[in-house]
Structure formats: structure tokens, C-alpha cells
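Count along the sequence shown starting at 1, add 4, and that's the number in the numbering used here. The C-beta atom is built at its ideal place from N, Cα and C for all residues, glycine as well. Here the structure is a predicted model, which is why all the values come from computation and not from measurement.
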Amino acid sequence: MKKLALTLLAGAMLLVNVNLKAQDSKGGVNGFRFGIGLEGALPSGGLKAYDAGAGLTLRFSQGVAENFDATLTSGGIAFFPKSLSNATANTKASIFIPIKLGGRYMFSKNFYGMAEAGMTIAKTYTVKSFSGTTPNYGFVSSSSFTYAPSIGARFGGFDIGVRYEGLEGGGFMGLRLGYDF
């Protein structure tokens with residue numbers, strides 16, 4: 005896992021430090037961009053114990069060829085159990101922190117396909133027991149390989165994308181509403 009983290013860090017440094025020529029923003033090599041996005045998530049597979057997820061991500065992109073950007077995405081997405089009032093010993097709330105490198109290909113002026121891969125760090129809070137009506141929580145950290153194919157559209161600085169984010173043991177459908185600066 006340390007090798008993966010170091011590889012992702014080296015890739016991020018390369019992405020930020022690459023000095024490429026800038027062209028127009030109509031699909032050419034358009035330099036460095038930074039974006040922020042609101043995330044929504046609908047869990048599937050092993051994550052179905054969660055109701056939904058919401059969070060915030062940051063995306064850095066660097067044009068590397070005509071119609072193609074290298075990307076680095078990270079942030080946090082919180083998932084909550086389907087019912088807090090009926091909490092049992094295995095009910096959890098988690099925060100997923102993805103660190104993904106990838107590429108975005110612009111099919112046209114506004115529409116793109118993107119593929120990213122990396123790792124997700126999960127910080128999980130588990131209700132272990134109750135003291136009367138007060139829950140006692142435990143903290144667990146884990147990490148897993150992540151992949152995320154997506155499609156989306158960009159209009160001016162606005163970005164909307166839909167993706168499936170696969171994790172070991174589960175995944176989720178994600179919607180990102182973002183703005184690029």
C-alpha cells in the first residue's frame with residue numbers, strides 16, 4: 005500500500021509540475037485547471053448497508069494532448085447507515101477519501117469520458133455497544149484499490165459527471181456537480 009501511495013504522490017507531483025504549452029479551451033491543450041465539486045453517491049454491493057453518501061472533491065487537470073487531460077482527484081465522501089434510530093452492533097458511518105489519477109478525453113467541445121484509478125482510505129466509525137441509550141463507538145481505518153469510469157459534460161466552468169466508483173467489496177454510483185477555475 006505504501007508503494008501505491010508513493011506512486012500516486014509522484015504522479016501528482018508530475019501532473020502539477022509538467023509545463024506544457026497552452027492553447028484555447030475548446031478541446032486543445034489548455035494548461036492547468038483546478039476544480040471543486042459536490043458529490044452524491046448511491047451505494048451498491050457491499051456498501052448497501054449505507055443509505056447514501058455526500059461529499060466534496062477537488063480535481064486538478066493538466067492538458068497533455070489535443071482533447072486529453074491528465075487528472076488527479078481527491079476529497080471526502082461520507083456514508084451513513086440506513087437507520088440511525090435502529091442502530092445495531094454492526095451499524096457504521098464511514099468517510100471515504102479517494103486519491104485517484106486518470107485521464108479525461110473530450111469527445112466534443114462539451115462531452116467527455118474519463119477513467120481514474122488509485123486508492124480509497126476508509127475511516128469507519130462502528131457502534132460497538134450501548135451504555136443505556138448512549139452508543140460506544142470504535143474507529144477502524146482501511147484502504148482499497150479504486151477505479152472509476154465516468155462520462156460527463158463541461159459548459160464554461162461548470163462540470164457535471166456520472167460515474168461508477170468500484171472499491172474492494174462494493175462500490176457506488178456517483179454524481180459530481182463541479183466548477184473549474
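Quiz item: Ordered along the chain, which non-local residues of its own chain (more than five positions away) have a Cβ less than 6 Å from that of K86?
Solution: Against the sequence shown, residue 86 aligns to sequence position 82. Cβ within range, chain order: D55.
Quiz item: How would you label S145, buried or exposed, when you count the other beta carbons within 10 angstroms and need 16 or more for buried?
Solution: One-based indexing of the sequence shown puts residue 145 at position 141. The Cβ neighbour count for S145, taken over all protein chains shown within 10 Å, is under 16; the residue is labelled exposed.
Quiz item: With distances taken between CB atoms, is the gap from P102 to T124 smaller than 7 Å?
Solution: For the purposes of this step, residue 102 is identified with residue 98 of the sequence shown, where counting begins at 1. For the purposes of this step, residue 124 is identified with residue 120 of the sequence shown, where counting begins at 1. Yes, the pair counts as a contact, with Cβ atoms nearer than the cut-off.
Quiz item: Helix or strand or just coil, what does DSSP make of G79?
Solution: Locating residue 79 in the sequence shown gives position 75, counting from the first residue. Correct three-state label for G79: strand.
Exercise. With DSSP as the reference, please indicate the residues paired to A97 in a beta bridge.
Key: As a working mapping, residue 97 is identified with position 93 in the sequence shown. DSSP lists Y129 as partners of A97.
Quiz item: If we count the other Cβ atoms within 10 Å of its Cβ and call it buried at 16 or more, is I2 buried or exposed?
Solution: As shown, the chain starts at 5 and ends at 185. That puts residue 2 outside it, with no answer to give.
Practice problem: Report the three-state DSSP secondary structure of G122 (helix, strand or coil). | Solution: In the sequence shown, counting from the first residue as 1, residue 122 sits at position 118. Reduced to three states, the DSSP call for G122 is strand.
Self-check item: Beta-carbon proximity check, T128 vs K104, cutoff 7 Å
Solution: If you number the sequence shown from 1, residue 128 lands on position 124. If you number the sequence shown from 1, residue 104 lands on position 100. For T128 and K104, no; Cβs fall outside 7 Å.
Quiz item: What are the boundary residues of the beta strand (DSSP E) that includes F185?
Solution: As a position in the sequence shown, residue 185 is number 181, starting the count at 1. First-last for F185: undefined, no H or E at that position.
Practice problem: Go ahead and label V22 buried or exposed: buried means 16 or more other beta carbons lie within 10 angstroms of its beta carbon, across all protein chains shown. | Solution: Reading the sequence shown from its first residue, position 18 is the one you call residue 22. Unreliable placement is indicated for V22, whose pLDDT of 46 sits below 50; the coordinate value is still reported in the next sentence. Per the 10 Å Cβ criterion, exposed.
Exercise. Rounded to whole angstroms, what's the CA-CA distance from F143 to F134? Just pull it up for me.
Key: Position 139 of the sequence shown holds residue 143. Position 130 of the sequence shown holds residue 134. Those two C-alpha atoms are separated by around 15 Å.
Practice problem: Report yes if the CB atom of Y183 is closer than 7 Å to the CB atom of G160, and no otherwise. | Solution: The residue you call residue 183 lines up with position 179 of the sequence shown. The residue you call residue 160 lines up with position 156 of the sequence shown. Cβ distance not < 7 Å, so Y183 and G160 don't count as in contact.
Quiz prompt | Contact set for F38: own chain, Cβ-Cβ below 6 Å, skip 5 residues either direction | solution = Sequence index remark: in the sequence shown, residue 38 carries index 34 (1-based). Hits under 6 Å: F64, F185.
Self-check item: Cross-strand partners of A157 (DSSP beta bridge)
Solution: Numbered from 1 along the sequence shown, position 153 holds the residue referred to as residue 157. For A157, which the question treats as bridged, DSSP gives the partners F115, I164.
Self-check item: CB of G35 within 7 Å of CB of A74, strictly
Solution: To locate residue 35, count along the sequence shown from 1; it is residue 31. To locate residue 74, count along the sequence shown from 1; it is residue 70. The Cβ-Cβ distance between G35 and A74 does not fall below 7 Å.
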